[in-house]
Structure formats: structure tokens, C-alpha cells
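For reference, the structure is listed below as C-alpha cells.
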Amino acid sequence: MTPKQNMEIHCPLPLAADDTIRLAHGGGGHLMQTLIHEIFLQAFSNPFLNSLQDSAVLPVQVGRLAMTTDSYVVRPLFFPGGDIGSLAVHGTLNDLAMMGAKPLYLSAGFILEEGLPINTLKQVVSSMAKAAQACDVHIVCGDTKVVDRGKGDQMFINTTGLGIIPSSLDIGPHLITPGDRMIVSGDLGTHGMAVLSVREGLTFSGDIVSDSAPLYELVADLIAQGISIHCLRDLTRGGLASALNELATTAQVKMTIDESQIPVSETVRGACEILGLDPLYVANEGRCILFLPSADVEKALSILQNHAISTRAAEIGMVLPLSSNHVPQVILRTPYHTHRILDLLSGEQLPRIC
Amino acid sequence: MKYVDEFRNPNAVHTLSREIHRITRHPWTIMEVCGGQTHSIVRYGLDRLLPGDITLIHGPGCPVCVTPIELIDAACQLAMLPDVIFCSFGDMLRVPGSHEDLLRVKAQGGDIRIIYSPLDAVEIAQSNPQRQVICFAVGFETTAPAQAMAVLQARRLHLANFYTLVAHVLVPPAMEAILSSPDNRVQGFLAAGHVCTIMGYEMYEPICRRYQVPIVVTGFEPVDILEGVQLVVTQLEEGRYDVGNQYARSVHRTGNLEARRVVEDVFEPVSRNWRGIGKIPLSGLQLRQSFAEFDALQKFADRIQLRSTASSLDSECQSGQILQGLMKPSACSAFGTRCTPDHPLGAPMVSSEGACAAYYRYRHHEVAPG
Numbered sequence: 001m002t003p004k005q006n007m008e009i010h011c012p013l014p015l016a017a018d019d020t021i022r023l024a025h026g027g028g029g030h031l032m033q034t035l036i037h038e039i040f041l042q043a044f045s046n047p048f049l050n051s052l053q054d055s056a057v058l059p060v061q062v063g064r065l066a067m068t069t070d071s072y073v074v075r076p077l078f079f080p081g082g083d084i085g086s087l088a089v090h091g092t093l094n095d096l097a098m099m100g101a102k103p104l105y106l107s108a109g110f111i112l113e114e115g116l117p118i119n120t121l122k123q124v125v126s127s128m129a130k131a132a133q134a135c136d137v138h139i140v141c142g143d144t145k146v147v148d149r150g151k152g153d154q155m156f157i158n159t160t161g162l163g164i165i166p167s168s169l170d171i172g173p174h175l176i177t178p179g180d181r182m183i184v185s186g187d188l189g190t191h192g193m194a195v196l197s198v199r200e201g202l203t204f205s206g207d208i209v210s211d212s213a214p215l216y217e218l219v220a221d222l223i224a225q226g227i228s229i230h231c232l233r234d235l236t237r238g239g240l241a242s243a244l245n246e247l248a249t250t251a252q253v254k255m256t257i258d259e260s261q262i263p264v265s266e267t268v269r270g271a272c273e274i275l276g277l278d279p280l281y282v283a284n285e286g287r288c289i290l291f292l293p294s295a296d297v298e299k300a301l302s303i304l305q306n307h308a309i310s311t312r313a314a315e316i317g318m319v320l321p322l323s324s325n326h327v328p329q330v331i332l333r334t335p336y337h338t339h340r341i342l343d344l345l346s347g348e349q350l351p352r353i354c
Numbered sequence: 355m356k357y358v359d360e361f362r363n364p365n366a367v368h369t370l371s372r373e374i375h376r377i378t379r380h381p382w383t384i385m386e387v388c389g390g391q392t393h394s395i396v397r398y399g400l401d402r403l404l405p406g407d408i409t410l411i412h413g414p415g416c417p418v419c420v421t422p423i424e425l426i427d428a429a430c431q432l433a434m435l436p437d438v439i440f441c442s443f444g445d446m447l448r449v450p451g452s453h454e455d456l457l458r459v460k461a462q463g464g465d466i467r468i469i470y471s472p473l474d475a476v477e478i479a480q481s482n483p484q485r486q487v488i489c490f491a492v493g494f495e496t497t498a499p500a501q502a503m504a505v506l507q508a509r510r511l512h513l514a515n516f517y518t519l520v521a522h523v524l525v526p527p528a529m530e531a532i533l534s535s536p537d538n539r540v541q542g543f544l545a546a547g548h549v550c551t552i553m554g555y556e557m558y559e560p561i562c563r564r565y566q567v568p569i570v571v572t573g574f575e576p577v578d579i580l581e582g583v584q585l586v587v588t589q590l591e592e593g594r595y596d597v598g599n600q601y602a603r604s605v606h607r608t609g610n611l612e613a614r615r616v617v618e619d620v621f622e623p624v625s626r627n628w629r630g631i632g633k634i635p636l637s638g639l640q641l642r643q644s645f646a647e648f649d650a651l652q653k654f655a656d657r658i659q660l661r662s663t664a665s666s667l668d669s670e671c672q673s674g675q676i677l678q679g680l681m682k683p684s685a686c687s688a689f690g691t692r693c694t695p696d697h698p699l700g701a702p703m704v705s706s707e708g709a710c711a712a713y714y715r716y717r718h719h720e721v722a723p724g
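Chains as they are written, first to last, in our numbering: chain C, 1 to 354; chain A, 355 to 724.
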């Protein structure tokens with residue numbers, strides 16, 4: 001019999017929490033608590049959130065409540081002019097602003113992919129906190145789930161926004177009237193092209209920077225100065241063309257716009273030209289279309305042009321009545337005084353062959 | 355963009371329109387060969403700036419539209435193979451095959467990547483040595499040099515996992531096929547500027563003589579197209595039939611010799627089926643024997659089933675009539691009803707250069723100027 005060998009027992013210590021997201025970060029245990037306290041609470045801290053109850057309890061103000069929700073799945077997470085965090089704040093708050101609602105509160109739901117660097121999460125969360133603070137909005141509740149590696153694309157964020165519409169204010173497509181003028185708040189297509197150029201590794205002469213920005217300040221200023229806004233719509237997915245088509249259908253009107261009046265930067269025009277995309281269908285995250293009576297156009301333009309994000313605001317067209325037997329449509333007047341329809345896109349815009 | 359703006363100048367457009375009205379004395383039918391030109395015409399309403407006597411008909415110059423259905427089917431099967439990364443220009447993804455399109459294959463799990471240059475596919479092959487990378491080589495003479503470069507680059511890098519599915523087509527044989535058809539109505543051509551940038555226009559000279567038609571190499575912007583029409587009408591009214599070059603800022607008579615040489619090194623002409631039209635002799639390109647190792651159809655022959663053309667003809671789609679200029683898209687009984695971009699019966703309804711797509715997008719319920 002051989003002498004007994006000394007048995008060496010190794011009981012490996014669990015590795016300390018490393019620098020990436022693991023499934024346990026969503027598991028309800030210690031790691032999740034650490035995440036909540038060290039990342040989310042630190043960045044978003046406010047009395048409504050800090051109590052960590054099952055629901056945030058919020059004071060009710062006079063007026064009507066506006067509520068909206070949106071999910072953000074942008075790739076890459078960081079792009080020139082913003083990131084998924086600032087986007088998740090601006091996008092949802094802009095939906096409130098388009099109803100004339102003063103944004104007050106946001107929720108934040110995170111779906112994180114296992115393996116996401118914690119530093120990336122920190123950067124995004126810090127960007128969200130900064131964006132919310134700049135808009136005077138509190139992030140009051142949240143949720144985190146972690147999915148297996150390969151089952152998510154690094155990080156998805158959902159935000160729900162709550163805002164207050166003053167009792168006396170009414171803005172919406174039901175107020176769009178034949179004779180209304182249309183103003184676009186700035187040049188189109190920079191967000192979509194900024195994201196596309198980073199995602200696909202395309203370089204264009206002149207940087208394209210996303211227009212991602214909050215719009216409430218513009219809206220509040222216009223209202224405060226007595227502009228009678230009939231309707232607002234932010235020009236996100238599908239761009240100007242899709243927004244106008246949706247509104248024409250809801251309001252049962254015809255719209256005409258003048259192609260030569262629509263502001264598009266040289267770089268975006270050039271990039272779209274090369275790829276065979278139409279800037280009128282490209283996404284924006286800090287642009288809106290305004291419908292208002294013709295008497296207010298001049299004043300509204302001068303107010304808008306005083307705000308840094310809308311210096312290129314321009315009047316682009318008007319609303320016409322729908323003749324009998326006609327379907328609601330948007331008609332674009334070309335620089336050659338010919339006309340064509342501007343329709344909803346079928347599927348996604350795909351880059352062309354040549 | 356200043357460069358382009360010069361060719362979109364409204365004053366220049368109106369001056370040309372007036373000039374064409376002034377010189378036109380007889381009815382003429384002119385075909386613009388390239389789908390890019392068709393889109394410009396419909397998008398800007400250029401046909402409406404011409405005298406009623408001039409009819410523009412839309413030619414076969416949409417490579418997406420004419421790619422034979424059996425190659426789309428092959429692409430869909432290849433893209434579904436688990437070890438394959440299938441690279442394609444975005445345009446091809448929505449084109450319907452017999453049963454599905456590449457977008458649906460992607461949704462079912464096929465690894466399909468949209469590329470902007472065939473060299474991107476070579477890079478993908480380099481960084482994924484354990485996967486088989488196939489590049490869908492679609493297009494006219496315009497895109498063939500870049501595809502040829504990709505093959506040469508793959509050879510230089512000794513890549514053993516890069517293949518191409520070649521569907522290239524050539525413009526001059528198609529123009530000859532149209533001119534020699536008994537139904538032909540075309541009296542003059544606006545030739546495709548981009549194709550001529552590569553190939554030049556020498557090869558049109560014998561076509562002009564043989565069929566006695568003027569051919570004017572033309573660009574894609576409104577001023578280009580109206581200048582092209584003006585040059586064709588001038589010849590027609592004077593009874594001449596020469597090759598003209600409106601697109602001289604980009605096109606020389608012999609084209610880009612270096613690009614032509616690369617194409618010739620890698621590819622050779624082959625007879626090809628054009629979707630909806632049929633077989634046109636020596637109207638396509640295939641890899642030369644010396645590059646056969648890059649041929650996706652050979653490499654994966656035992657893993658896919660190639661259908662014959664006879665069994666895969668589109669039933670209701672009139673794309674052949676459309677692509678030969680025998681019918682306007684809006685005259686097709688399925689247009690806008692049974693055939694829409696969301697439910698296409700054929701490729702011209704979904705390609706960004708397809709004539710049906712142009713009519714649907716810009717004119718599908720005709721507008722009264724408001």
C-alpha cells in the first residue's frame with residue numbers, strides 16, 4: 001500500500017465582482033443591490049427614487065397628465081452627438097413636449113446583455129442623468145434585467161415619461177386646419193446619418209453629428225409668447241415624410257410642401273446622395289414639425305431661430321382642404337414646379353447598388 | 355454638393371425644357387437605359403417638362419430587376435447555410451425569389467450582411483476564417499470592377515473562404531436585343547452614364563450604325579437628362595444617328611482602361627437569362643476558369659438546388675414588358691393593387707432603380723397640383 005498522500009484541498013474563492021455585467025446582476029441578490037446603489041442611485045438620486053419603494057409616489061399637479069413610453073435599441077451605443085442614454089431621455093421627453101406637456105418624471109428600464117462592460121453602463125447612466133437634469137426631470141423608478149450573452153445587443157433601454165399639460169392648452173392633429181402653415185424646426189437627417197456612418201464605418205467629409213436634443217424649451221417659449229400652435233410632431237423614425245403622411249391621414253387633409261425650402265445640411269445631402277437614401281425619410285431626434293396659422297409664422301420663426309437647436313427653422317408648406325373623392329396625401333413641389341407625392345416608405349430604406 | 359447643384363439648377367432646367375419644345379417637330383420615342391435615370395425623371399417630373407410629342411420609355415437598366423430568379427433562389431439557399439456569411443448590396447434584399455427573399459432568409463436566421471463595397475466582404479472573410487463568405491456580385495459594368503478587385507484581393511490574401519455569386523450583366527447586348535425585337539419602338543437612347551464611365555462608348559458606335567439610332571451618353575441629374583434628350587432630339591430631327599456624350603465630365607470614349615482591364619482579367623462574357631426577358635447572348639459575366647476557386651455556385655453545388663428558368667418564370671409579373679419599354683408600369687393590371695412594394699410580384703416594384711417602384715413611390719395616386 002502506498003503511503004497516503006497528503007490530500008490538498010483547494011476551495012477556490014469566488015472571483016470578486018469583475019468589470020462586466022453577469023446574469024447575477026439581474027438576479028435580485030447582492031450584485032443587483034450593488035448595481036442599484038452604486039450606479040443607478042448614485043447617478044439618478046432624487047427623493048422619489050431614493051425611497052426604493054415598489055412604486056414611486058408622485059404629487060399630482062393641476063392640469064392633465066400626459067404619458068408616453070419608448071424603447072431604445074440603437075447600435076452603436078455611442079455616436080457623434082449622443083448615446084443611447086441621452087437618446088432615451090430626449091426621445092421620450094420630446095413625445096411629451098409634442099403635446100405641450102411639461103415633462104416631469106421618467107422611468108428607466110434596462111435590459112443588459114451578459115458581458116456588457118460595467119464602465120459602459122456607467123457612461124450611459126451618467127449621460128442619462130445629465131440629460132434628465134438638463135431638462136429638469138427626475139428619473140423616479142427603474143428596473144434591470146440581464147439576458148444571456150447573445151440574447152441582447154449590449155443594452156436596451158425603455159423609458160416612460162409623465163408630464164403635465166396646462167388645462168387651457170390643446171395641441172394635436174385634430175386642430176390642423178386648411179390654411180395652416182408648416183414649419184420644420186431645423187435641418188433634417190443628421191441623427192440617422194450620424195448613427196449609420198458610425199455603425200457602417202462610413203466616413204464623409206465633414207462630421208455628421210446627431211441632432212438629439214430636448215424640444216420642450218422651444219415649445220414652452222412659443223406658447224409663452226402667444227403663438228397659437230395647432231399641432232406638433234417630432235420627426236423620429238421615418239423622418240419628415242412619414243410624420244406628414246400620418247398627420248395628413250389623421251387630420252383628413254392634403255398637405256403641400258416645397259422641396260427647395262426644406263433645410264438639409266450639405267454633408268447629410270452628400271451622404272444620402274452617395275447611399276441612395278432620401279433625407280426626408282431619415283430619422284431625427286431633435287427636430288419637429290409645427291402647424292400654425294399663417295398670421296403666426298413670422299413671429300414663430302424668429303422665436304425658433306433664437307434657439308441654438310432651431311436656428312435653421314424654416315416654413316416649408318401649407319395645409320389644403322381635401323377635395324371629395326381624394327385620399328389624404330402629401331404633395332411635394334419640386335424646384336422645377338412639377339409635383340409628386342411624398343408617400344410612406346415601404347420597409348426600410350436600403351442602400352442601393354450604384 | 356455644389357457640384358450636383360449645378361446640374362439641378364431650376365433656371366437651367368427651364369431653359370432646356372423651352373429649347374426642347376422649340377426644336378421638336380415630330381413625335382419621338384426615346385428610351386433612358388438606366389433605372390437611376392428613370393427615378394430622376396419620375397421624381398422630378400422631367401417627362402412633364404417635355405413636349406407631348408416626346409415619349410420617354412424606361413429601359414432595362416436596373417440590375418436588381420433583371421437578375422434571374424434562379425440566382426435569387428440560389429442566393430437565398432446559400433444565405434441559409436449555417437457556415438455561410440452572405441454579403442449583398444442592400445438593394446437585393448427585398449427582391450422576391452420563387453418562394454422568399456433575402457430579408458426573410460435573414461429573419462429566419464441567415465447571416466446576411468449589407469455591404470457598401472465588395473471589398474467589405476473580403477474584410478469580413480479575413481476576420482471570420484472559420485466561416486464561408488459569399489459576395490453577391492450584382493450590377494452592370496459599373497460595379498464589376500469593384501467585384502473583380504475583391505476577387506483579386508482575396509487571391510492576394512490567400513483567402514480560402516471567399517466566394518462570389520456572379521450575376522453581372524452587360525448593357526450593350528440588352529440594347530441590341532431591344533432594337534432587334536419586332537416590337538421595338540425605341541428611336542433613340544439615353545445611355546447610362548455610370549456604365550460608360552467604366553466602359554467608354556466605343557461599343558455603341560457599331561450599334562448606332564447598324565440600327566440607325568442616336569445614342570447619347572447621359573448623366574443622372576435633371577440638367578443632364580434634359581440635355582441628353584435635347585441632343586437625341588436634335589439628331590432625330592436632323593436624321594443623324596451618332597454617339598453623343600452629354601456626360602463628358604465623367605465619360606471618355608475609351609472609359610476607364612484600368613478598370614476595364616481588371617474586369618477582363620477576372621471575368622468573361624457569358625449568355626445570361628434576364629428576369630422577365632429571357633436569354634440574351636453574351637450579356638452577362640462569369641468568373642474565368644483561372645478564378646473558378648472563388649465561384650460560389652461551384653463550391654456549394656452539392657448543397658443547393660438550382661432551379662431551371664422554365665419552372666421559375668414569374669407568373670403574373672409583366673416585368674419583361676416594362677423592362678423593354680413595351681409597357682408603362684401604371685398600365686400593368688397588377689400595379690398598385692396586387693403588386694405593391696410591400697407585396698411585390700416582381701423585382702421592378704422593390705428595387706431602388708425599378709421603374710414600377712418609381713411610379714408607385716412618386717405617382718401611384720396621380721396628383722393634381724395643389
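Glycine included, C-beta positions come from ideal geometry on N, C-alpha and C.
Just so it is clear, the structure is predicted and the values come from calculations on it, not from any experiment.
Of all residues in the segment 389-417 of chain A, the ones placed with a Cβ closer than 8 angstroms to any Cβ belonging to chain C are Gly390, Val396, Arg397, Tyr398, Gly399, Leu400, Arg402, Leu403, Pro417, in chain order. Short of 6 angstroms from the beta carbon of C:Leu169, and not among the five residues preceding or following it, lie these beta carbons of its own chain, in chain order: Gly100. Counting C-beta pairs closer than 8 angstroms gives three or more between the segment 673-686 of chain A and the segment 706-713 of chain A, which meets the contact rule.
Residue pairing by DSSP puts C:Tyr105 in a beta bridge opposite C:His138, C:Leu162. Apart from the 5 residues on each side of it in sequence, C:Val140 sits with its Cβ closer than 8 angstroms to the Cβ of Asn46, Phe48, Leu49, Ala56, Leu58, Tyr105, Leu106, Ser107 in its chain, given in chain order. Between A:Leu519 and A:Leu425, the CB-CB gap stays under 8 angstroms. Per DSSP, reduced to three states, the secondary structure at C:Ala194 is helical. In this structure, A:Pro414 is the residue among A:Pro414, A:Glu373, A:Thr608 with its C-alpha nearest to the C-alpha of A:Gln391. Between A:Ser706 and chain C, the shortest Cβ-Cβ separation is below 8 angstroms.
Distance between A:Ile569 and A:Val597, taken at the CA atoms: about 5 angstroms.
The criterion of a C-beta distance shorter than 8 angstroms is not satisfied by A:Leu456 and A:Ala498.
Assignment of C:His307 by DSSP, reduced to helix, strand and coil, places it in the coil class.
For C:Ile183, the uninterrupted beta strand (DSSP E) segment begins and ends at 181-184. Annotation: Cβ neighbours of A:Leu447 in chain C (cutoff 7 angstroms, chain order): Leu350. Annotation: C:Ile227 is outside any beta strand (DSSP E) and is labelled neither H nor E by DSSP. Residues of chain A whose Cβ lies closer than 9 angstroms to the Cβ of C:Thr177 do not exist; the shortest such Cβ separation is about 16 angstroms. A Cβ of chain A is located within less than 8 angstroms of the beta carbon of C:Asp343. Spatial neighbours of A:Met446 in its own chain (CB-CB distance under 7 angstroms, excluding positions within 5 residues in sequence) are listed in chain order as Val418, Leu456, Phe490, Val492.
Separation of the CB atoms of C:Asp221 and C:Ile303 is rounded to 6 angstroms, and the pair is thereby assigned contact status at 8 angstroms. The C-beta distance from C:Asp258 to C:Thr159 rounds to 36 angstroms, too long to fall under 8 angstroms, and the pair is not in contact. When only Cα atoms are considered, C:Ile289 and C:Ile171 end up about 13 angstroms apart.
Listed along chain A, the residues sitting closer than 9 angstroms to C:Arg340 by beta-carbon distance are Val396, Arg397, Tyr398, Gly399, Arg715, Tyr716, Arg717, Val721. Where A:Ala491 is concerned, the enclosing beta strand (DSSP E) starts and stops at 486-491. Per DSSP, the beta bridge partners of A:Gly632 are A:Trp628.
Residue C:Lys102 holds the alpha-carbon nearest to the alpha-carbon of C:Ala224 among C:Lys102, C:Thr203, C:Asp148. Between the segment 528-539 of chain A and the segment 639-650 of chain A, the count of C-beta pairs closer than 8 angstroms stays below three; the two stretches do not touch. When C-alpha distances from A:Ala545 are compared across A:Arg510, A:His512, A:Val583, A:Ala508, the shortest belongs to A:Val583. In the structure shown, the three-state DSSP call for A:Arg372 is helix. Contact residues of the segment 361-377 of chain A toward chain C are Arg362, Asn363, Pro364, Val367, His368, Ser371 (C-beta to C-beta distance below 9 angstroms). Contact between A:Leu473 and A:Ala504 is confirmed by a C-beta separation of about 5 angstroms, below the 8 angstroms threshold. DSSP places A:Gly415 inside the beta strand (DSSP E), whose first and last residues are 408-415. Taking C-beta atoms as the reference points, A:Val571 and A:Asn599 count as a pair closer than 8 angstroms. The alpha-carbon separation between A:Asp656 and A:Trp628 amounts to approximately 25 angstroms.
Judged by DSSP secondary structure, A:Met434 falls within the alpha helix (DSSP H) whose first and last residues are 423-434.
Within the DSSP bridge table, the entry for A:Gly542 names A:Ile384 as partners.
Less than 8 angstroms divides the Cβ of C:Ser167 from the Cβ of C:Val62.
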